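Below is one structure; the comments refer to it alone.
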Amino acid sequence: MAIERRSGGISEAERLNLDALTASYEREDAEVPAPQRVIELVSTFFGSPAYFVFAVIFIIAWISINLIGVPTQCPAAATGTQDSARTVTPSLVTERKPPPTS
Numbered sequence: 041m042a043i044e045r046r047s048g049g050i051s052e053a054e055r056l057n058l059d060a061l062t063a064s065y066e067r068e069d070a071e072v073p074a075p076q077r078v079i080e081l082v083s084t085f086f087g088s089p090a091y092f093v094f095a096v097i098f099i100i101a102w103i104s105i106n107l108i109g110v111p112t113q114c115p116a117a118a119t120g121t122q123d124s125a126r127t128v129t130p131s132l133v134t135e136r137k138p139p140p141t142s
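This is the structure in structure tokens:
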């Protein structure tokens, strides 16, 4: 069988093989369930370089803010309700139970 060359640079047999592969991939893609497509999209996003750069910048910003000590507008910190938790905890730790009676 003679191989014909087309103007595109591939033979007729190669074109037929590519068409068959394309049709096969399209059939496989059509059979993929919706949940798997969602999982693939999510994993593609979380595996992208853009997400990695965002995560690194976010973590560096978070650490920097904590190191600088930016004041918060938390009402618990302003009213001192955290102090009561600090005083209760040591008393619970140091509290002794009476010895068991036999």
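According to the working numbering, the sequence shown is numbered sequentially starting from 41. The beta carbon of each residue, even a glycine, is placed where N, CA and C say it ideally should be. Computed from a predicted structure; not experimentally measured.
{"Asked": "In this structure, how does DSSP classify residue 83 when only helix, strand and coil are distinguished?", "Found": "helix"}
{"Asked": "With residue 62 as the anchor, note down where its alpha helix (DSSP H) starts and where it stops.", "Found": "52 to 71"}
{"Asked": "How would you write the range of the alpha helix (DSSP H) that residue 4 sits in, first residue to last?", "Found": "Given a span of 41 to 142 for the chain in the structure shown, any question on residue 4 remains unanswerable."}
{"Asked": "With a CB to CB cut of under 8 Å and the five nearest residues on each side skipped, what residues in its chain are close to residue 141?", "Found": "none"}
{"Asked": "Can you give me the Cβ contacts of residue 91 inside the same chain, cut-off strictly under 7 Å, excluding the 5 residues immediately before and after it?", "Found": "85"}
{"Asked": "What is the DSSP secondary structure of residue 139, counted as helix, strand or coil?", "Found": "coil"}
{"Asked": "Excluding the 5 residues preceding and the 5 following residue 73 in the sequence, name in chain order all residues of the same chain whose CB lies nearer than 8 Å to its CB.", "Found": "none"}
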